[in-house]
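Trainee:
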Amino acid sequence: MRNLLLAAVATLLLCSCSAAQREAASCGYNACPKPVPGRYNVHLVPHTHDDVGWLRTVDQYYYYEVQFIIDTVIEELLDNPERKFTYVEMAYFFRWWREQSADKQAKVKQLVKNGQLQFALGGWCMDDEATTHYVDIIDQHTQGLRFLNDTFGDCGRPRVAWQVDPFGHSKEHTAMLAQMGFDGLYYGRIDYQDQALRRKTRRMEMVWQASQDIGSPRADLFSGKLYDGYCQPGGFGFEYGDEPVQDDPQLYDYNVEQKVKQFVDMVNSRRQVYSSDHLMLTMGCDFQYQNARKNFKIYDKLIKAVNARTAAHNITVYYSTPSCYTKSVHDQNLMWTVKSDDFFPYAHQAHAFWTATSLAGRRSSATCEPPRTNSRRSSRRPVWLDCSGRGRSWRPSSICCVRLWELCSITMECLVRRSRWLPMTTHCESRLESTRLTLCCKVRGESHWRQCGILRHVFLQPGKHLLLPIHRLE
Ligand SMILES: *[C@@H]1O[C@H](CO)[C@@H](O)[C@H](O)[C@H]1NC(C)=O
Ligand SMILES: *[C@@H]1O[C@H](CO)[C@@H](O)[C@H](O)[C@H]1NC(C)=O
């Protein structure tokens, strides 16, 4: 029942800067749209989620997809000052920024200064919360946030953390985000049964008291579960080919009334699970906005059409950002439930757990297991890959390797024997990010390497040794 204790929203601290600084700045919360009193306010949040390596390498994604996203989004923001956009992964923004002319850079600085272009999270990438070591988490956020501060000053500072793609969430990770100074955190995935219950009881948003050791309010963070992942609501994925708003009555297939009804119905169903007068609609998905005009042009029409009929449905909609949504909800001064444990393990449906699946699925044949430690420790705690053969169920005869996919231009197999450190080789030193580390192993006498685990989103620094946390098998 502890979780049900109510906490005042005072634990959600907005802006640690002085009042004078706040007044002076045109960006940040000052650049947020003013909520419309007496109406239900819908925050339409254009964003893109750009994995820092997945099916392609980081540089390939940049050249194939992401450069066009940032190029076209900037053009569309310059085209209409009402429009806003939220960008997250500095690994890409950094690459893009370096290529721009001084003139373009000045224009982008202006967009950041007037709050049209905002950053959320602002780390090099959105890190995995199950397997990643805290040193890497802090390093990669430091790298991204330093770049933002150096480039845009205080206006570039992200106010909310944006963990929309990880598969489960840890309180330790959240405690770190709280200490980094974020005012809010949003995530896209929690266990399906937990989500069903939270929807029913309107507990999709909460104050996460993320560390009993550090205590409140230092480790507290206002946290919100997005309604259904981070992509557009069904029927509004215009880049996916959903029916656009067709607003010329002289043409065939004029559909403004239908699109408004579809939008209002969707909003009215979503608002049932949240408790404020505000709703965040995340309009964007993986690698979307490669042709930003398509989305923005249609959203402009949708916003205009919905707002022209506000009296009929009591909904008003405007371009916004996750931080502006957070500010609006904060200003309502509501009470929230408190959470103090993890969002692990994660299952998206019955019998579909994502925690350590690649390891657990091969248990019967796996010979490359992490050493088992105290079995009463919770399964989310990382344990170190120890190839020394001293672990209880570690077979001294096995050889471990770490195959670094997509880290270097060639696939490498690095033997890690009698050591839990993987030395970085000179081949790797020019690359900062790995996209995926596949652990594999083989038993003496066998000729094949078996894959026995995958680590996602591990951040590497040149010249540094890499520690490999592995998830436990339970
Ligand atoms: C419109 O919505 C707002 C916010 O939920 C609410 O306070 C207000 O009572 C509603 N007005 C009508 C006429 O339903
Ligand atoms: C941000 O940059 C300014 C100017 O270079 C510097 O004074 C400040 O310490 C930086 N802030 C952080 C948090 O590093």
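Going left to right, the sequence shown walks through residues -19 to -1, 1 to 455 as mature numbering (1 follows the signal peptide of the UniProt record, and there is no 0) numbers them. Built from N, CA and C at the ideal position, the CB exists for glycine as well. All of these numbers come straight from a predicted model, not from anything done at the bench.
1. Are the beta-carbon atoms of Ser256 and Arg183 separated by less than 7 Å?
2. What did DSSP end up calling Ala177 once you bin it into helix, strand or coil?
3. Closest to Ile296 by CA distance: which of Gln269, Met264, Pro303 and Asp258 is it?
4. May I ask you to check if the CB of Asn276 is nearer than 6 Å to at least one heavy atom of ligand 2?
5. What is the C-beta distance between Phe100 and Pro62, in whole angstroms, given that I count them as a contact (C-beta under 8 Å)?
6. Where does Asn272 sit, in a helix, a strand or coil, going by DSSP?
7. Using CA atoms only, rank isn't needed, just tell me which of Ala292, Pro225 and Thr67 is closest to Trp143.
8. From the DSSP secondary-structure annotation, give me the bridge partner or partners of Ser321.
9. Which class does Val298 belong to by DSSP, given the choice of helix, strand or coil?
10. Apart from the five residues on each side of it in sequence, which residues of its chain come closer than 7 Å, Cβ to Cβ, to Leu102?
11. Could you compute how far the alpha carbon of Asp120 sits from the alpha carbon of Arg274?
12. Applying the 10 Å Cβ sphere with the 16-neighbour rule, what's the burial state of Asn314?
13. Is Asn314 a contact residue of ligand 2, with contact defined as CB to any heavy atom under 6 Å?
14. Determine the burial state of Leu178: buried for a count of at least 16 other Cβ atoms within 10 Å of its Cβ, exposed for fewer.
15. Quick one: does the C-beta of Asp258 sit closer than 6 Å to a heavy atom of ligand 1?
16. Note down the Cα distance separating Trp77 from Ala293, rounded to an integer number of angstroms.
17. In whole angstroms, what is the alpha-carbon distance linking Ile284 and Ile195?
18. Rounding to the nearest angstrom, what Cα-Cα distance links Gln124 and Tyr221 in this structure?
19. Report the option in Asp322, Ser301 and Asp323 whose CA atom is closest to the CA atom of Cys8.
20. Going by the CB atoms, is the gap between Asp234 and Gln243 shorter than 7 Å?
21. Classify Ser204 as helix, strand or coil using the three-state DSSP reduction.
22. Sort Leu260, Gly134 and Lys308 by Cα distance to Val23 and report the nearest one.
23. Checking 7 Å against the spacing of the C-beta atoms, do Asp175 and Pro147 come in under that value?
24. On a CA-only basis, which of Lys85, Phe74, Trp105 and Met185 is nearest Ile51? Give me that one, please.
25. Give every residue of the same chain whose Cβ lies closer than 8 Å to the Cβ of Ile55, excluding the five residues on either side of it in the sequence, and list them in chain order.
26. Helix, strand or coil: how does DSSP classify Ala111 here?
27. Which residues in the same chain as Glu46 place their Cβ atom closer than 7 Å to its Cβ, once the five residues preceding and following it in sequence are excluded?
28. CA-CA distance, Tyr280 and Val298?
29. Go ahead and pull the three-state DSSP assignment for Asn61.
30. May I ask you to list the residues that DSSP assigns as paired with Phe334?
31. What did DSSP end up calling Trp35 once you bin it into helix, strand or coil?
32. Alpha carbon to alpha carbon, what distance is there between Lys240 and Gln231?
33. Give a yes or no on whether 7 Å exceeds the smallest Cβ distance from Lys88 to chain B.
34. Give me the Cα-Cα distance between Cys13 and Gly210, rounded to the nearest whole angstrom.
35. With DSSP run on the structure shown, which of helix, strand or coil describes Gln97?
36. Can you tell me which of Arg199, Asp164, Val254 and Thr291 puts its alpha carbon nearest to the alpha carbon of Ser309?
Mentor: With the structure as the only source:
1. Along the sequence shown, one-based indexing puts residue 256 at 275. Along the sequence shown, one-based indexing puts residue 183 at 202. Closer than 7 Å, so yes.
2. Within the sequence shown, numbered from 1, the residue matching residue 177 stands at position 196. Correct three-state label for Ala177: helix.
3. Here residue 296 corresponds to residue number 315 of the sequence shown, with the count starting at 1. Considering only alpha carbons, the answer is Asp258.
4. Residue numbering aside, residue 276 sits at position 295 when the sequence shown is read from its first letter. The answer is no for Asn276.
5. Walking along the sequence shown from the start, residue 100 turns up at place 119. Walking along the sequence shown from the start, residue 62 turns up at place 81. With 8 Å as the limit, Phe100 and Pro62 do not qualify as a contact, their Cβ atoms being about 18 Å apart.
6. Numbered from its first residue, the sequence shown carries residue 272 at position 291. Coil.
7. Here residue 143 corresponds to residue number 162 of the sequence shown, with the count starting at 1. Considering only alpha carbons, the answer is Thr67.
8. For the purposes of this step, residue 321 is taken as residue 340 along the sequence shown, with counting starting at 1. According to DSSP, which records beta bridges pairwise, Ser321 is partnered with nothing at all.
9. Along the sequence shown, read from residue 1 onward, the residue named residue 298 stands at position 317. Of the three classes helix, strand and coil, the one that applies to Val298 here is strand, per DSSP.
10. Looking up residue 102 in the sequence shown gives position 121. Cβ neighbours of Leu102 beyond the five flanking positions: Val69, Pro139, Ala142 and Trp143.
11. As a position in the sequence shown, residue 120 is number 139, starting the count at 1. As a position in the sequence shown, residue 274 is number 293, starting the count at 1. The alpha-carbon atoms of Asp120 and Arg274 are separated by roughly 35 Å.
12. Locating residue 314 in the sequence shown gives position 333, where the first residue counts as 1. Classification for Asn314: exposed.
13. Numbered from 1 along the sequence shown, position 333 holds the residue referred to as residue 314. No, the beta carbon of Asn314 sits no closer than 6 Å to any heavy atom of ligand 2.
14. Position 197 of the sequence shown, counted from the first residue, corresponds to residue 178. So Leu178 ends up on the exposed side.
15. Taking the sequence shown and counting its residues from 1, one reaches residue 258 at position 277. Indeed, a heavy atom of ligand 1 lies less than 6 Å from the Cβ.
16. Within the sequence shown, residue 77 is the residue found at index 96, counting from 1. Within the sequence shown, residue 293 is the residue found at index 312, counting from 1. So the alpha carbons of these two residues sit roughly 44 Å apart.
17. The residue you call residue 284 lines up with position 303 of the sequence shown. The residue you call residue 195 lines up with position 214 of the sequence shown. Whole-angstrom Cα-Cα distance: 44 Å.
18. For the purposes of this step, residue 124 is taken as residue 143 along the sequence shown, with counting starting at 1. For the purposes of this step, residue 221 is taken as residue 240 along the sequence shown, with counting starting at 1. Roughly 34 Å separates the two Cα atoms.
19. For the purposes of this step, residue 8 is taken as residue 27 along the sequence shown, with counting starting at 1. Nearest option by C-alpha distance: Ser301.
20. As a first step, residue 243 must be located in the sequence shown, where it is residue number 262. As a first step, residue 234 must be located in the sequence shown, where it is residue number 253. No.
21. Counted from its first residue, the sequence shown places residue 204 at position 223. It is a strand residue.
22. By one-based count along the sequence shown, residue 23 stands at place 42. It is Leu260 whose Cα lies nearest to the Cα of Val23.
23. The residue labelled residue 175 in the question sits at position 194 within the sequence shown. The residue labelled residue 147 in the question sits at position 166 within the sequence shown. Contact: no.
24. Indexing the sequence shown from 1 puts residue 51 at position 70. For the residues Lys85, Phe74, Trp105 and Met185, the minimum Cα distance to Ile51 belongs to Phe74.
25. Numbered from 1 along the sequence shown, position 74 holds the residue referred to as residue 55. For Ile55, where only same-chain residues beyond five positions count, the Cβ hits under 8 Å are Lys85, Lys88, Val89, Leu92 and Leu98.
26. Residue numbering aside, residue 111 sits at position 130 when the sequence shown is read from its first letter. Ala111: coil per DSSP, three-state reduction.
27. Against the sequence shown, residue 46 aligns to sequence position 65. The residues are Phe268 and Gln271.
28. Taking the sequence shown and counting its residues from 1, the one referred to as residue 280 is at position 299. Taking the sequence shown and counting its residues from 1, the one referred to as residue 298 is at position 317. Tyr280 and Val298: Cα-Cα distance of roughly 10 Å.
29. On the sequence shown, residue 61 is found 80 positions in, with the first residue counted as 1. Asn61: coil per DSSP, three-state reduction.
30. Counting from one through the sequence shown, the residue named residue 334 turns up at place 353. Its beta-bridge partners are Ala328.
31. As a first step, residue 35 must be located in the sequence shown, where it is residue number 54. Three-state DSSP puts Trp35 in coil, outside helix and strand.
32. Mapped onto the sequence shown, residue 231 falls at position 250. Mapped onto the sequence shown, residue 240 falls at position 259. Cα to Cα, Gln231 sits roughly 17 Å from Lys240.
33. Looking for chain B here will not work: only one protein chain is present.
34. Here the question's residue 13 lines up with position 32 in the sequence shown. Here the question's residue 210 lines up with position 229 in the sequence shown. C-alpha separation (whole angstroms): 24 Å.
35. Here residue 97 refers to the residue found at position 116 when the sequence shown is read from its first residue. In this structure, DSSP gives Gln97 a state outside helix and strand, which the three-state scheme calls coil.
36. Translated into the one-based positions of the sequence shown, residue 309 becomes position 328. Residue Asp164 is the option with its Cα nearest to Ser309.
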